[in-house]
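Participant:
Chains as they are written, first to last, in the numbering used here: chain S, 1003 to 1308; chain V, 10 to 437.
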């Protein structure tokens, strides 16, 4: 079995079998990343271009490491954010890159739909590394991998996604995948941060964190964009932290074996208390480690699909 | 020069509906009736099996001149108009510079005369530079030839300024046109707010952003007694409020655009920038409400909001691409689809494209009465064709209807007694 798609733009159109294939492929690469020589020749001679229109350290590094461990040639291309402004189309930039025989383009872009537009315009495979508020499919997949690694099964799994769901591409990717896999997904945050009609995506909406955490096996915290204060989404960081911050007390409301996740970078003391971030329940660093293995799996499958 | 239009199905809404000849002499309609005798040398147009209609009047177009001629000029816009059966068009003032003074108005009229195609009626700005602060010289604009005032695309957010504009306009009996959008509520949105904007991760504009301003404008029309015309209403709420305002006898009129009664926000999927316009495509429920509004007379007028943009502008990301689509060359078949569907009678459809808009802006157009300007559109109601933007007369190609198989085509357009468009030639 292989991935039938040229691109990985969103988790919404993937089948359960395809998601499982990606996770299983990542298993074998997880083993590679544990070796002393963390390198296999699978993508030797292939070129992967990281095209990042938004500053990102961890996602870009993770993709770079994944590609290098597969022996691919990696180019990092970070156009200044000024070139995103009107007058220069993304497609022109990408066609230039394609002309240099890139096999896979990994795109991070501030605009929702950028990856889809790019994928339509180039023959290279496109991996969406985050487009606006739309999706961040590889983050969703590494989150699934981390849950699965803890021995949790998705069917009936109770997951709370906490915070600014409206502006979160991580939340959207996780919602699509978890709902598809049969999990019971709760989203919780202030009503100002719940996107219109989110319940129609198959999740239950909560406004009170304590209520939402009851009995969940997974808590997925979202990063609060601190600069959103002052735009009438929440009154103060202080009140946000009091209402939606994950404290050790609150973790006790969840299932005793609960795991706490966060896509990073974390705001300690805002959405997550330091003692929770550093606790045994926290799998935040496992997420980072798994990110490399999952992205190796994705790059491997995508190159085979070409 | 006389023109004898023979044997067509003549519809002059509220006045005549049946098979007749139409005789045109010296730029005017001189007779409508069966078996007319034409003077020697008259040009004969065989209209058997075709509709003979008063030329369409579009209250809402953007011809981009001066300032953005690469998108559309008055010449190319007028060519698109007559190809779509529109003999009169009203040009919004969001040019560069803004049409907020008589010099710009005169320039637009001069360019229109030079083009010699459609009648062009400029709409003046409400405020200087359409900045929503100080009133433009509305008296001068009126005298120079503006037929309405609007800050279209830039709604007048300050309610006091809007009140003063409506009051001031009373002295000139000029309609005040508003694009109803609360800019704070819409806050950077680029499509209708709902589950689709949520899935696509695009900032949404809620229906309420339109409804709030419709409510405000109706209240101000009641306060001032002004003639209020609501541009491109797109929501169930707007339709309901206009219906209510009319039932109370307020001087409120409204227009709807073909895209708002034909397609929904679903069209945005795939980040289709040709489905990006303002107001945005709404839900199926809103589409039904707009149709109901057209059916029961709540919505007086069908206008296109013809908004040309260059290809490279629509190739930007969805959020960055400009709002707007071209509409002049697709409005007729999309309106006739409402006739097929039973939403409008044929006569009501012609009324909304022609007679009603002329009445709303007080233009001596939209009729085939004896003595009227000879602006006539001859239509083959049955002809099927495929929308091919490459064949548009407009300079721009931004339409979501490319590839649509549609029915109903303009065959001949006559403006002021002169044939300015013939489909067969255009196709040759």
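Ideal Cβ positions, reconstructed from N, Cα and C, are used throughout, including at glycine.
Is it the case that the region 105 to 119 of chain V contacts the region 339 to 350 of chain V, given that we only count it when at least three CB pairs across the two stretches are under 8 angstroms?
Facilitator: no
Participant: Classify residue 193 of chain V as buried or exposed, calling it buried when 16 or more other Cβ atoms lie within 10 Å of its own Cβ.
Facilitator: Per the 10 Å Cβ criterion, exposed.
Participant: Along the region 1200 to 1226 of chain S, where does the CB come closer than 8 angstroms to a CB of chain B? Name the residues.
Facilitator: No chain B is part of this structure, whose protein chains are labelled S and V.
Participant: Nearest to residue 1034 of chain S by alpha carbon, out of S/1124, S/1294 and S/1273?
Facilitator: Relative to residue 1034 of chain S, the option among S/1124, S/1294 and S/1273 whose CA is nearest is S/1294.
Participant: Near residue 1108 of chain S, which residues of its chain fall below 6 angstroms by C-beta distance, leaving aside the five closest residues on each side in sequence?
Facilitator: 1052, 1065, 1129 and 1131
Participant: Just verifying my parser: in three-state terms, what is the DSSP assignment at residue 1283 of chain S?
Facilitator: coil
Participant: Starting from residue 63 of chain V, follow its DSSP beta bridges and name the residues at the other end.
Facilitator: V/385
Participant: Determine whether the beta carbon atoms of residue 127 of chain V and residue 369 of chain V lie at a separation below 9 angstroms.
Facilitator: no
Participant: Mind checking who residue 1223 of chain S pairs with in its DSSP beta bridge?
Facilitator: The partner list for residue 1223 of chain S (beta bridge, DSSP) reads S/1164.
Participant: Report yes if the C-beta distance between residue 31 of chain V and residue 13 of chain V is below 9 angstroms; otherwise report no.
Facilitator: Residue 31 of chain V places its beta carbon less than 9 angstroms from that of residue 13 of chain V.
Participant: Using a Cβ-Cβ cutoff of less than 8 angstroms, which residues in the same chain neighbour residue 353 of chain V once the five nearest sequence positions on both sides are dropped?
Facilitator: 303, 304, 344, 347 and 361
Participant: Please say whether residue 1013 of chain S and residue 1168 of chain S have beta carbons closer to each other than 9 angstroms?
Facilitator: no
Participant: According to DSSP, is residue 269 of chain V part of a helix, a strand, or is it coil?
Facilitator: helix
Participant: Pop quiz: residue 1000 of chain S and residue 1300 of chain S are said to be a contact at Cβ under 8 angstroms. What is the actual Cβ separation, rounded to whole angstroms?
Facilitator: Past the edges of chain S, shown from 1003 to 1308, lies residue 1000 of chain S, and the structure says nothing about it.
Participant: How would you call residue 10 of chain V, buried or exposed, if buried means at least 16 neighbouring beta carbons within 10 angstroms?
Facilitator: exposed
Participant: How far does the alpha helix (DSSP H) with residue 299 of chain V in it extend, from its first residue to its last?
Facilitator: In the DSSP annotation of this structure, the continuous segment of the alpha helix (DSSP H) that includes residue 299 of chain V starts and ends at 293 to 304.
Participant: For residue 1239 of chain S, which of helix, strand or coil comes out of DSSP?
Facilitator: helix
Participant: Could you tell me which uninterrupted beta strand (DSSP E) segments, each at least 3 residues in length, are contained entirely in the region 65 to 126 of chain V, listed from first to last along the chain?
Facilitator: 65 to 70 and 95 to 100
Participant: By Cβ distance, which residues of its chain are closer than 7 angstroms to residue 217 of chain V, with the 5 residues on each side in sequence left out?
Facilitator: 194
Participant: Based on the DSSP secondary-structure assignment, which residues constitute the bridge partners of residue 1054 of chain S?
Facilitator: S/1110
Participant: Pick out whichever of S/1225, S/1220, S/1234 and S/1230 has its Cα sitting closest to the Cα of residue 1252 of chain S.
Facilitator: S/1220
Participant: Let me know if residue 1127 of chain S comes out buried or exposed under the rule of 16 or more other beta-carbons within 10 Å of its beta-carbon.
Facilitator: By the neighbour-count rule (16 or more Cβ atoms within 10 Å), residue 1127 of chain S is buried.
Participant: Do you know offhand how far residue 1032 of chain S's Cα is from residue 1194 of chain S's?
Facilitator: Straight-line Cα distance between these residues: approximately 39 angstroms.
Participant: Distance, Cα to Cα, residue 395 of chain V vs residue 1120 of chain S?
Facilitator: C-alpha of residue 395 of chain V to C-alpha of residue 1120 of chain S: approximately 28 angstroms in a straight line.
Participant: Would residue 1133 of chain S pass as an interface residue toward chain V - the criterion being a Cβ-Cβ separation below 9 angstroms?
Facilitator: yes
Participant: Anyone know if the C-beta pair for residue 164 of chain V and residue 189 of chain V falls short of 9 angstroms?
Facilitator: yes
Participant: Within the 9 angstroms Cβ cut-off, does residue 280 of chain V reach chain S?
Facilitator: yes
Participant: Taking residue 335 of chain V and residue 401 of chain V to be in contact with their CB atoms under 8 angstroms, please state how far apart those CB atoms are, rounded to whole angstroms.
Facilitator: 7 angstroms
Participant: Residues in the same chain with beta-carbon distance under 6 angstroms from residue 1136 of chain S, minus the five sequence neighbours each way, listed in chain order, please.
Facilitator: 1114 and 1171
Participant: Identify which residue in V/390, V/388 and V/412 has its Cα closest to the Cα of residue 399 of chain V.
Facilitator: V/412
Participant: Just to make sure I have the definition right: I need the residues of chain S whose C-beta is within less than 9 angstroms of the C-beta of residue 206 of chain V. Which are they?
Facilitator: 1197, 1198 and 1199
Participant: Three or more C-beta pairs under 8 angstroms: does that hold for the region 374 to 391 of chain V against the region 20 to 27 of chain V?
Facilitator: yes
Participant: Taking C-beta pairs closer than 8 angstroms, name the residues in chain S that residue 209 of chain V reaches, listed in chain order.
Facilitator: 1114, 1115 and 1136
Participant: Does DSSP classify residue 1233 of chain S as helix, strand or coil?
Facilitator: coil
Participant: Less than 7 angstroms between C-beta atoms, sequence neighbours within five positions excluded: which residues of the same chain meet that for residue 1207 of chain S?
Facilitator: 1189, 1196, 1200 and 1201
Participant: Counting only the same chain and skipping the five closest in sequence on each side, list residues whose C-beta sits under 8 angstroms from that of residue 1198 of chain S.
Facilitator: none
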